[in-house]
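Colleague: Residue numbers (full-length UniProt numbering): 1 to 340.
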Amino acid sequence: MAAAGYRGRAGLVDDLWPSRQAWHEAAVVIVDLSAVSALAHRQMPRRDAVLVVESETDSTMRPGAAGLWPSALRLGAQDGYVLGRDAAQLVRALTALRAPQRRGGVTIAVIGGHGGAGASTLAAATAICAAEGPRPTMLLDVDPYGPGVDLLLGLEDDPGLRWDDLRVEGGDVHAAALFAALPSGPGGVAVLAPRRGDRTPVSAVAARAVMNAGAGDGDVVVVDLPRRIDDTAAELLAAVGSVVVVTTATVGGCAATRQLTRELTRLSGRVGLVVRGPAPGGLTVRQVQEALGLPLLAGCRAEPRLAGAVEAGALRLARRSPLRRAAAAVLAGVSAEVTA
1 MAAAGYRGRA
11 GLVDDLWPSR
21 QAWHEAAVVI
31 VDLSAVSALA
41 HRQMPRRDAV
51 LVVESETDST
61 MRPGAAGLWP
71 SALRLGAQDG
81 YVLGRDAAQL
91 VRALTALRAP
101 QRRGGVTIAV
111 IGGHGGAGAS
121 TLAAATAICA
131 AEGPRPTMLL
141 DVDPYGPGVD
151 LLLGLEDDPG
161 LRWDDLRVEG
171 GDVHAAALFA
181 ALPSGPGGVA
191 VLAPRRGDRT
201 PVSAVAARAV
211 MNAGAGDGDV
221 VVVDLPRRID
231 DTAAELLAAV
241 GSVVVVTTAT
251 VGGCAATRQL
261 TRELTRLSGR
271 VGLVVRGPAP
281 GGLTVRQVQE
291 ALGLPLLAGC
301 RAEPRLAGAV
311 EAGALRLARR
321 SPLRRAAAAV
331 LAGVSAEVTA
């Protein structure tokens, strides 16, 4: 690996290592067939830049070695190499993977620390603000039991794809085609949500494929997550660039969010906090932040007219809206590129 300009970390695959976050973040993953078997058993998701290596003896004599290749391909393996004999080809492959790629996108997951925290509203506002910039923006709703971000934006009756229409073949989605097929919200935000009345969970494979499609094209992808962390939510939390947890400035809100925060920080090392008003007991934003121990992205004072505006039609952000300022602060905090 050093010959191709990489620094590596080696280890035996077990129930804890590598974590899903490490699996996603590594520039390249090199595995032998034993690791393929262990990773497949853990149902690790498909990713790019997976190379399989084996000694010549193991590759030809190991019982069942050939049968592991379907598992390797499902993990994303793009080629296999025999150590020693294929050393030059392996170095060339590693070098090619270091070549400049397309500009990566910005991926943000928003989750409520408790019921009624306003995570869906913030996710929608963040997507609207991002869409005002130079990058195409996609808003994904993966909570089949929520009200739906399409309803929040007044798109519930608009034509276009919903999750149950999407067929992911081989884990790949064409970003431009997907954008063109989705309902379009304020500023051109492409919105993918569950169909009205459909409680079928969004599959982790489909959600990751859609997010990767947008991010791979250099777009902004905002994901509205359910509070219950299922397999799909865990997959996305480990994969996104930033996680935003939303709470209110209340004792009960802080207590519930603290419980969730333990799980969030286990899955992601990039969790930030947004605190919403009002504060009926007088808790300050800083007190909430200190109680939860998360980096503060924004405080958002109460906006009494917001709920009525949404009930009357769709979410719209006034220029001086506290919600707009909070969404802009989230974007500035997670990626200066978005607001540049």
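Cβ atoms here follow ideal geometry from the backbone N, Cα and C, with glycine treated the same way. Please read all numbers here as calculations on a predicted model, not as lab measurements.
Relative to the C-alpha of residue 75, which residue among 89, 68, 222, 47 is closest?
Modeller: Residue numbering aside, residue 75 sits at position 75 when the sequence shown is read from its first letter. Nearest option by C-alpha distance: 47.
Colleague: Threshold first: 4 residues or longer. Then list the alpha helix (DSSP H) segments lying entirely within the segment 238 to 320, N to C.
Modeller: Taking only runs of at least 4 residues, the alpha helix (DSSP H) segments lying wholly in the segment 238 to 320 are 251 to 267, 285 to 292, 304 to 312.
Colleague: Thinking C-alpha only, which one of 316, 282, 95, 55 is nearest residue 83?
Modeller: For the purposes of this step, residue 83 is taken as residue 83 along the sequence shown, with counting starting at 1. For residue 83, the nearest C-alpha among the options comes from 55.
Colleague: Counting only the same chain and skipping the five closest in sequence on each side, list residues whose C-beta sits under 7 Å from that of residue 254.
Modeller: To locate residue 254, count along the sequence shown from 1; it is residue 254. Answer for residue 254: 247, 288, 291, 292, listed in chain order.
Colleague: Below 8 Å on the Cβ atoms is my guess for residue 155 versus residue 185; work out the distance and round it to an integer in Å.
Modeller: As a first step, residue 155 must be located in the sequence shown, where it is residue number 155. As a first step, residue 185 must be located in the sequence shown, where it is residue number 185. 6 Å between Cβ atoms; contact.
Colleague: Please report the residue range of the alpha helix (DSSP H) in which residue 107 lies.
Modeller: Numbered from 1 along the sequence shown, position 107 holds the residue referred to as residue 107. Taken as a continuous stretch (DSSP letters only), residue 107 belongs to no alpha helix (DSSP H), being part of the beta strand (DSSP E) at 106 to 112.
Colleague: Taking Cβ to Cβ, would you say residue 36 is nearer than 9 Å to residue 79?
Modeller: For the purposes of this step, residue 36 is taken as the residue at position 36 of the sequence shown. For the purposes of this step, residue 79 is taken as the residue at position 79 of the sequence shown. Against a cut-off of 9 Å, the Cβ pair of residue 79 and residue 36 comes out as no contact.
Colleague: Sorted by chain position, which residues of the same chain lie with C-beta nearer than 6 Å to residue 40's C-beta, five sequence neighbours on each side aside?
Modeller: As a first step, residue 40 must be located in the sequence shown, where it is residue number 40. Here the set comprises 71.
Colleague: Nearest by alpha-carbon distance to residue 190: which of 308, 240, 201, 180 is it?
Modeller: As a first step, residue 190 must be located in the sequence shown, where it is residue number 190. The shortest Cα separation from residue 190 among 308, 240, 201, 180 belongs to 180.
Colleague: So residue 168 and residue 130 are in contact, right, with Cβ under 8 Å, and what is the actual spacing, rounded?
Modeller: Residue mapping note: residue 168 aligns to position 168 of the sequence shown, counting from 1. Residue mapping note: residue 130 aligns to position 130 of the sequence shown, counting from 1. About 24 Å separates the two Cβ atoms, so there is no contact after all.
Colleague: Counting only runs that start and end within the segment 116 to 159, where is the alpha helix (DSSP H) found for 4 or more residues in a row?
Modeller: Whole alpha helix (DSSP H) segments, 4+ residues: 119 to 131, 149 to 152.
Colleague: Could you check where the beta strand (DSSP E) with residue 214 kicks off and where it finishes?
Modeller: What you label residue 214 is simply residue 214 of the sequence shown in a count that begins at 1. Residue 214 -> not in any beta strand (DSSP E); alpha helix (DSSP H) instead, spanning 204 to 216.
Colleague: Would you call the CB atoms of residue 237 and residue 192 closer than 9 Å?
Modeller: Counted from its first residue, the sequence shown places residue 237 at position 237. Counted from its first residue, the sequence shown places residue 192 at position 192. Against a cut-off of 9 Å, the Cβ pair of residue 192 and residue 237 comes out as no contact.
Colleague: With 16 as the cutoff for other CB atoms within 10 Å, does residue 105 come out buried or exposed?
Modeller: Here the question's residue 105 lines up with position 105 in the sequence shown. It counts as buried.
Colleague: Should the segment 107 to 123 be called in touch with the segment 318 to 337, which here means at least 3 C-beta pairs below 8 Å?
Modeller: The segment 107 to 123 is in contact with the segment 318 to 337.
Colleague: Straight-line CA distance for residue 201 to residue 143?
Modeller: Locating residue 201 in the sequence shown gives position 201, where the first residue counts as 1. Locating residue 143 in the sequence shown gives position 143, where the first residue counts as 1. One C-alpha to the other measures close to 8 Å.
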